[in-house]
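Participant: From first to last, the protein sequence lines stand for chains Z and F. Using the numbering used here, the first residue of the first sequence is number 659, and each one after it goes up by one. Using the numbering used here, the first residue of the second sequence is number 55, and each one after it goes up by one.
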Amino acid sequence: MPFGNTHNELKMKFKSSEEYPDLCKHNNYMAKVLTPALYEQLRSKQTPSGFTLDDVIQTGIDNPGHPFIMTVGCVAGDEETYEVFKELLDPIVMARHGGYKPTDKHKTDLNPANLKGGDDLDPNYVLSSRVRTGRSIRGFCLPPHCSRGERRAVEKMSVEALDSLSGDLKGKYYALKNMTDAEQQQLIDDHFLFDKPVSPLLLASGMARDWPDARGIWHNDSKTFLVWVNEEDHLRVISMQKGGNMKEVFTRFCTGLKKIESLFKAKGTSFMWNEHLGYVLTCPSNLGTGLRAGVHVKIPHMSKHAKFEEVLKRLRLQKRGTGGVDTAAVGGTFDISNADRLGFSEVELMQMVVDGVKLLVEMEKKLEKKQSIDDLVPAQK
Amino acid sequence: MAHSFGRILSSKRNVGILSLIGAGSVTAGFLLKREHVSAGAGVRRVYPASAEYPDLRKHNNCMASHLTPAIYAKLVDKATPNGYTLDEAIQTGVDNPGHPFIKTVGMVAGDEESYQVFADLLNPVIKERHNGYDPETMTHPTDLDSSKLTSGQFDDRYVLSSRVRTGRSIRGLSLPPACTRAERREVERVVVDALAGLKEDLAGKYYSLTNMTDQEQQQLIDDHFLFDKPVSPLLTCSGMARDWPDARGIWHNNTKTFLVWINEEDHTRVISMEKGGNMKRVFDRFCTGLKEVERLIQEKGWEFMWNERLGYILTCPSNLGTGLRAGVHVKLPRLSKDPRFSKILDNLRLQKRGTGGVDTAAVGSTFDISNLDRLGQSEVQLVQTVVDGVNYLIECEKKLEKGQDIKIPAPYRK
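So, in structure tokens, the structure goes:
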């Protein structure tokens, strides 16, 4: 949709070599996969809604990346993007998701009863627990490509569904453009408010167009279940609370998601999902479960230990600062979450986080007592 | 011309010229073929215009002032022959509500035909921005005969530097918000080719942003020539920064008095400048350089976008007509503190900026003073306005130095 990329008729008059982007200085998955031959093969295609190859890759062209951090470098404009441009996206998915093959099947498991433990993480160390994912509404274009009409329709459907939640999930919607100053301040104090994205990775994809039209935040009265509408995805769903009871957080997460899904089904639509890619989201990095389950955990000793990175890698965990992605840790408190999204079910990823964090806390306690942790270092999961 | 671009150009030229002949009365816009996206499963929802109309209640820009729901409904399904749409043209104005004190334009053109196809919106925007200039009835005079300029030498004790800039677009190629990479590269090739034909005091060299050495980059920064990837959301939201720095670059002559930017906000920005107050010489070089570049591109079958209603066609409607900003850096320590300063500038049709350019602050009472107007008067007229106006400001400063009083001049009449 944005920026005139969605006009193949004009572009097809020029030779492919004349249009092929200069990716010499680029370090992202798209740049690694998109050869001139592949560009030529795919450039005449578009999805039924008109999303083109250049739309997919624009963010990766505009953001050459960092030598140490491999970004994805492309986005989907609709569900069909992953099919129409599979020759580009399958290898990117494989590289980003640990070798996930085009023929692999993804398992979805949102049954919290299958999670073992997770209700006894030490709250002296685990300050808060959180699980998030995203959902896309089938039949509507995704944030990089949607029109204002579509985005508003997504908001309307979502708010209708959320307004019919009851019990401890009952809550209220705050549209970004109608918020009072008091509401805004409260949402900031609760750490719920999201702002217009500033990251060029996101802006270059066109997802911030028309801000703040049809964007908003919904949360339940007890502030433990939160939904972002029309930020990077149609919906981002978050369950969170203070302390270490990941089991409770996950149970609420699954209950809420299933309730919302059934409400959409009653209106004749559903979430974008298929048995190969699981839940379909804007960024290929969030396919599968789209799930990031994590804790804020105090591990000042462990985080300075020489084996910290290795342990995380083996546990299939990832560290971030307490401000989220691309922030630094404060005072030895880290955000620790699952590194994977696709190829493992929700329950499997939760289990990794629960077991892994438990182990990290044990290691921290040992290091406090100046004991060795060598015998606790796990094998690669 | 065997080159593929030649064929595209001749067909595009014809479309462009035909659409311009039908100025005002018939829009040469193609009906956007939304049907072509409905084949098979996954039909794209098409919403009525009312569901798509942007929320402009908090907006203060020219686009928002004139884009009624009726005009939106009329234009939303149209597209230029290149496929550029209304939603694309207004995106920057939707994304940037503006400031209560500063009214921005709020829209851009994606190609020459935008000014025709979206005339129902662009004409009132142009009228507001350019003080009542009506593209449907008025004609814009172009005059690059610098010999007509009088009194063009300022007192060097006050004027530190003199500069004239404009932009030019290459007919047949889309503008920066909409151009493909191939088109942008073609603009670069055509212009660099022409600049290579400049001789004598205009002879120079091209520095492509992609291929610059560290040393070249440092030199260009020291000369204050280097332009960076735009950060202003007014510009980035229009899509003009895509694929940066591909096909962007800077050309300048060996004496560093004539400079061309390629593929920044416009296809080209042309700048003549030097230290001191010899605006006459700056304008002479400006006109000679522009005419020579035009001659060189015409030799190869290209031309600049221009028509008699809107003058030179550029990306932003604010730069139509002459696209010309002629200005000086001038020291006015006493006058700038006089409460009548703004009124004097207004009546002289001048504008002040800080010495960093638009949206910067003045440093130590040295101001950038330039013409307010772009469209409806010729280049010679506008530069004369600056010359006369700056001379008047310097006279005021000198009077204040001697303790004499100054007068607010009568409002400028064309």
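Where is the CB? At the ideal position from N, CA and C, for every residue including glycine.
Give me, in chain order, the residues of the same chain whose beta-carbon lies closer than 6 angstroms to that of L214/F; leave out the 5 immediate sequence neighbours on both sides.
Facilitator: For L214/F, the CB contacts under 6 angstroms within the same chain, skipping 5 residues up- and downstream, are H383 in chain order.
Participant: So, under 8 angstroms CB-CB, V314/F and R323/F are touching, yes? Tell me the CB distance rounded to an integer number of Å.
Facilitator: 7 angstroms
Participant: Using a Cβ cut-off of 8 angstroms (strictly closer), state whether D282/F contacts chain Z.
Facilitator: no
Participant: Taking 8 angstroms as the CB-CB limit, is I448/F close to chain Z?
Facilitator: no
Participant: Can you tell me whether DSSP reads Y697/Z as helix, strand or coil?
Facilitator: helix
Participant: So what does DSSP say about H877/Z, is it helix, strand or coil?
Facilitator: strand
Participant: Mind reading off the beta-carbon distance from I423/F to V437/F? Whole number of angstroms is fine, and I expect it under 8 angstroms.
Facilitator: Wrong, their Cβ atoms sit about 13 angstroms apart, outside the cutoff.
Participant: Enumerate in chain order the residues of its own chain whose CB-to-CB distance from Y107/F is below 6 angstroms, with the five nearest sequence positions on each side excluded.
Facilitator: P123 and Y126
Participant: Please report the straight-line C-alpha distance between T761/Z and D277/F, rounded to a whole angstrom.
Facilitator: Between T761/Z and D277/F, the C-alpha separation is close to 58 angstroms.
Participant: Compute the Euclidean distance between the alpha carbons of T927/Z and V887/Z, then round it to the nearest angstrom.
Facilitator: The C-alpha of T927/Z lies about 17 angstroms from the C-alpha of V887/Z.
Participant: Do you know whose CA, among V441/F, N425/F, I462/F and K452/F, lies nearest H184/F's CA?
Facilitator: Nearest to H184/F by alpha-carbon distance, out of V441/F, N425/F, I462/F and K452/F, is N425/F.
Participant: Taking only beta-carbon positions, decide if Y260/F is within less than 8 angstroms of chain Z.
Facilitator: no
Participant: How about P151/F and K112/F: do their beta carbons lie closer than 8 angstroms?
Facilitator: yes
Participant: Using 8 angstroms as the cut-off, can you tell me whether the region 876-887 of chain Z makes contact with the region 810-829 of chain Z, which would need three or more C-beta pairs spanning the two stretches below that distance?
Facilitator: yes
Participant: Quick check: the region 852-863 of chain Z against the region 902-919 of chain Z, are there 3 or more CB pairs under 8 angstroms?
Facilitator: no
Participant: Which residue marks the beginning of the alpha helix (DSSP H) containing K666/Z, and which one marks its end?
Facilitator: Correcting the residue identity first, residue 666/Z is Asn in this sequence and not Lys. Looking at the DSSP string, the run of the alpha helix (DSSP H) that includes N666/Z is N666 to K669.
Participant: In chain Z, which residues lie with their C-beta within 8 angstroms of the C-beta of R238/F?
Facilitator: Per Cβ cutoff of 8 angstroms: no residues; R238/F is ~10 angstroms from chain Z at best.
Participant: So, is N265/F buried or exposed, given that buried needs 16 or more other C-beta atoms within 10 angstroms?
Facilitator: exposed
Participant: What is the residue span of the beta strand (DSSP E) that M898/Z lies within?
Facilitator: L893 to K900
Participant: If the cut is a Cβ gap below 9 angstroms, which residues of chain F does P679/Z touch?
Facilitator: R235, D297 and D300
Participant: So, at 8 angstroms on beta carbons, what are the nonlocal neighbours of D197/F in its own chain, with the 5 sequence-adjacent residues on each side left out?
Facilitator: Taken in chain order, the residues that qualify are S432, E433, V434 and Q435.
Participant: I need the straight-line Cα distance from F279/F to L368/F, nearest angstrom please.
Facilitator: 21 angstroms
Participant: Near V80/F, which residues of its chain fall below 6 angstroms by C-beta distance, leaving aside the five closest residues on each side in sequence?
Facilitator: Only weak support is given to the placement of V80/F: the predicted model assigns it a pLDDT of 33, under 50, and the value that follows is read from those uncertain coordinates. Hits under 6 angstroms: none found.
Participant: Within this structure, are the beta carbons of G160/F and A118/F separated by less than 8 angstroms?
Facilitator: yes
Participant: Hey, does L86/F have any beta-carbon neighbour from chain Z nearer than 8 angstroms?
Facilitator: Because L86/F sits at a pLDDT of 40, beneath the cut-off of 50, its placement in the model cannot be relied upon, and the following sentence gives the value as read from the coordinates. No, its Cβ sits nowhere closer than 8 angstroms to a Cβ of chain Z.
Participant: Below 8 angstroms on the Cβ atoms is my contact criterion, and I expect N944/Z with G756/Z to pass it. Report the Cβ-Cβ distance as a whole number of Å.
Facilitator: No, N944/Z and G756/Z are not in contact; Cβ-Cβ is about 15 angstroms, not under 8 angstroms.
Participant: Between the Cα of D826/Z and those of F883/Z, D720/Z, L851/Z and S995/Z, spot the shortest distance and give me the residue it belongs to.
Facilitator: F883/Z
Participant: Taking 8 angstroms as the cut-off, decide whether the C-beta atoms of C941/Z and V730/Z are in contact.
Facilitator: yes
Participant: Whole angstroms are fine: how far does the CA of V162/F sit from the CA of C370/F?
Facilitator: 5 angstroms
Participant: How many Å lie between Y138/F and S168/F at the Cα?
Facilitator: 8 angstroms
Participant: Using the C-alpha atoms, what's the distance from N373/F back to M359/F?
Facilitator: Cα to Cα, the separation comes out at about 13 angstroms.
Participant: Roughly how many angstroms separate the alpha carbons of L447/F and L175/F, rounded to a whole number?
Facilitator: 38 angstroms
Participant: In whole angstroms, give me the CA-to-CA distance for E1022/Z and V1015/Z.
Facilitator: Distance between the alpha carbons of E1022/Z and V1015/Z: 10 angstroms.
Participant: With a threshold of 8 angstroms, are at least 3 pairs of Cβ atoms found where one atom belongs to the region 711-729 of chain Z and the other to the region 670-688 of chain Z?
Facilitator: Taking 8 angstroms as the limit for Cβ pairs, the verdict is that the region 670-688 of chain Z does touch the region 711-729 of chain Z.
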